[in-house]
Amino acid sequence: MDELVRRLPSPTLPGMHLPCPDTHKGWLFKWTNYLKGYQRRWFVLSNGLLSYYRTQAEMAHTCRGTIPMAAAHIELGDTCHLMITSAGRSYHLKTTSEGECQRWASALQQAKANATALIQHSDDSGDEGTSVQEDDRASSQSALKTLANKLDDLSTCNDLLGKHGAALQRSLSELEELRGCVDSPDKVKSVNERATLFRLTSNAMINACREFLDVAESHSRRWQKALQHEREQRHHLEETIEQLAKQHNSLETAWKEKPTSYAGVERSRKGDESEENDEFFDAMEDAPAFITVSTNAETQHKRSGSTQSMMSGGLPHDWTHNENDTSGSNHMQLQRTRRSRIPDKPNYSLNLWSIMKNCIGKDLAKIPMPVNFNEPLSMLQRLTEDLEYSELLDRAARCDSSLEQMCLVAAFSVSSYSTTVHRTAKPFNPLLGETYELDRLEEYGYRSICEQVSHHPPAAAHHVISQRGWTLWQSITIDSKFRGKYVSVMPLGNIHLQFHSSGNHYVWSKVTSTVHNIIVGKLWIDQSGDIDVVNNTTKDMCHLKFSPYSYFCRDAPRKVTGVVEDKEGTAHYILSGTWDEKMESGKIVNSSQGCGGSEGKQKTVYQTLPSKLLWKKYPLPDNAENMHYFSALALTLNEQEDGVAPTDSRLRPDQRLMEAGLWDEANAHKQRLEECQRLERKRREVQATQALQEGQEVEVYQPLWFEKRLDDSTRESSYIYRGGYWEAKDRQDWRQCPDIF
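Numbering-wise (the numbering used here), the sequence shown opens with residue 781 and increments by one.
Here you go:
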């Protein structure tokens, strides 16, 4: 209804004054129940609706209730008291002064009058609203038809330019040949005529281009505005649906807990039946568990008193929103169209046991494997997939609170595993000196470069810098073992993340990945272990626990839990979710000692605000099951790019052939490349032996784009980007790159 009013021109409602977006707002005391009495709430009267929140910060994410004023009955009670009756329910409100009470009463009466008039007028304005939409549609169709006609004119002019240009060129050639001849004046006249035709056609094309551009620009702004409006409407609808789902879940939980938590206590019909429930989470143990109970009077007293300042801080409006587009529709129009599919995976049979039976207990990096075990991506590209949800870091860079920033960084560390849930094939082992770049400055504002810096043990270095306020780097060594029934992959090394504005420097590592059912059954992958995300600047920490799958555990599979603590060890946020779907956070407002846990340990019960969504996995592309279960980003990683280094993984022939479905040819190239690498390694070993015998210094392999340094934060030796890659790409100077393919 409000949208319809905004679209109608003002003359259609003579003498009617619509309420402004925020007609009236302020603090009021609202009666909840006999147990808690009046509670302070923030009320906002806008567009005929009276909404209330616990704090002003909650306006960004949680509305506690809404009262439509059109059908409301307003009464002035005793001193400073108001009563609003709507839909059979009464709301008792109290102000701090009589003057404030009168101002609220006047504003409510005016809002009711405006809303009633708007409803009465809406029945008469329906046809007019339809006609406005039809006019918009007709205008758009007319504009598209005009643009099509102008495009036809441009095409015609282009053809004529080509024709007249060719004729003019022939005349000039003939004139050159006939210089000094008797027929020269006629030829000059012919050239002048054709030059005139060419000039006229050129002017016509210039005018047609100008007209096309004028029409396109005049309608582009209008269409962009309409598109932005539709995006906002969709975003608002998604938020509303999400809030309804959370409220529904809270009501179900409260109903299940009510018989045991509130035995013998009768709640007032005036009370808030859905707004006074909070969530409590157990502190983590070896097997963490989350429970939800209702608050009692003592806890509520603490919340309204000592923890009032903590609650009023709230969360920034953009903390739970996905904002990976910071420049609007123009930014979207500039993005390059990336590929959305690759050739389907061939259905080749393979006797797995015949290959694996002699490999038990060995390092998989040293075992020659056919491409049947692989996916058409290298380990460097898999490492780059950690950036699938880089918008989490973009949002974290805008956080003022280091603890809120920690929640987003922790969610980012979990999100890197979401692409592995169906990816049981191994990536190609990169050759020594192999590189991989990912330039997403236009789309996401970052550039990424990886290099294989060691062959045995296999180690890769990665560096990412973003124009949106952060830099990430990591040096990862892979240790993998085959244990008969399963394969364990243990990434060793640390991931570093630094935000430019605040200087906050985060460090964490990866957990162990295990592929099960190697011999019998369907392959499946699990992640298990602990991650400590540490802010070396503020000493805040988040401890994440990846629970291993167990047939005897009632918890959700792939569960991840976490607690965010400050440098004093005080918990501020609880994180929960799964590594293959989503992560949520709940702000802690109170804690208490609960009942004893397993092995006599006493649990701490955390009281939190309603959970907020930090991260949610993108849906897989259509037909993903036939494309190695690649995500939308993974499908683009091996796409051909111009100007990359000759050592880039995109240029690796065996990987390219496997992607195309030519597995026999891919196997032949894979064996050739691995044999060349073994020969090169033996050559370096012979040179090292000779140098030792001659008393000379042994020449150690040096990566091209990274160098080994002592990390200041961890005091460990790791590979750090030395620079120069992107400058070499701009110059297209790859002379220093080795020929490895």
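Every residue gets a Cβ at the ideal spot worked out from N, C-alpha and C, and that includes glycine. All figures in this text were calculated on a predicted structure; none of them were measured in a lab.
Nearest in C-alpha terms to His-1016, of all of Ala-840, Cys-1230, Pro-1238 and Phe-1279, is Ala-840.
Between the segment 1116-1126 and the segment 1173-1189 there are fewer than three inter-stretch CB-CB distances shorter than 8 Å, so the stretches are not counted as touching. Assigned with DSSP and collapsed to three states, Arg-1118 falls in coil, not helix or strand. DSSP places Lys-1397 in no beta strand (DSSP E); its state is neither H nor E. A straight-line Cα-Cα distance of about 53 Å links Leu-1157 and Phe-978. Using a Cβ-Cβ distance cut-off of 8 Å, the segment 1180-1196 and the segment 1403-1416 are not in contact, since fewer than three pairs of beta carbons, one from each stretch, lie closer than that value. DSSP places Cys-1456 in the uninterrupted alpha helix (DSSP H) bounded by 1443-1473. Exposed is the label assigned to Trp-807, since fewer than 16 other Cβ atoms lie within 10 Å of its Cβ.
Closest option to Thr-1358, judged by alpha-carbon separation, among Val-1340, Arg-834, Thr-1350 and Ser-922: Val-1340.
Per the DSSP secondary-structure output, Ala-1240 pairs in a beta bridge with Gln-1232 and Ile-1256.
At least 8 Å separates the beta-carbon of Ala-988 from that of Leu-941. Taking the Cβ atoms as the reference, Pro-1207 lies roughly 5 Å from Arg-1162, within the contact range of under 8 Å. Boundaries of the beta strand (DSSP E) harbouring Met-1270: 1266-1272, taken from the DSSP string. Taking 8 Å as the cut-off, the beta carbon of Arg-820 is found no closer than this to the beta carbon of Tyr-833.
C-alpha of Ser-1308 to C-alpha of Ser-1330: approximately 11 Å in a straight line. In the structure shown, the three-state DSSP call for Leu-1355 is strand. With contact defined as three or more Cβ pairs closer than 8 Å, the segment 1183-1192 and the segment 1320-1329 are in contact. Bounds of any beta strand (DSSP E) do not take in Asp-1422, whose DSSP letter is neither H nor E.
Its Cα nearest to that of Tyr-1216, the residue Glu-1231 stands out among Glu-1231, Gly-1423, Trp-1253 and Ile-854. Contact check between the segment 1245-1261 and the segment 1148-1155: fewer than three CB pairs, one atom from each, fall below 8 Å, which does not count as touching.
The Cβ atoms of Ser-1234 and Thr-1164 lie no closer than 8 Å to each other. According to the DSSP assignment, Tyr-1505 belongs to the alpha helix (DSSP H) that extends over 1505-1511. Proximity to Thr-926 across Lys-1396, Ala-996 and Asp-1434 peaks at Ala-996, based on C-alpha coordinates. The residue among His-1449, Leu-1484 and Trp-1485 with its C-alpha nearest the C-alpha of Phe-1521 is His-1449.
Residue state for Met-1321 is assigned as strand, using DSSP reduced to three classes.
Closest in C-alpha terms to Glu-1487, from the list Lys-1302, His-1243, His-999 and Arg-844, comes His-1243.
According to DSSP, Asn-1315 shares a beta bridge with Tyr-1286. Going by C-alpha positions, Lys-1302 is about 35 Å away from Trp-1253. Annotation for Arg-1178: no beta strand (DSSP E) segment contains it, and DSSP assigns it neither H nor E.
With 16 or more neighbouring CB atoms inside 10 Å of its own CB, Ser-1255 falls in the buried class. If you look at Gln-1435, you'll find it in the alpha helix (DSSP H) that goes 1433-1439. Counting along the chain, Met-1149 sits inside no alpha helix (DSSP H), nor does DSSP assign it H or E at all. The beta-bridge partner set that DSSP reports for His-861 consists of Lys-874.
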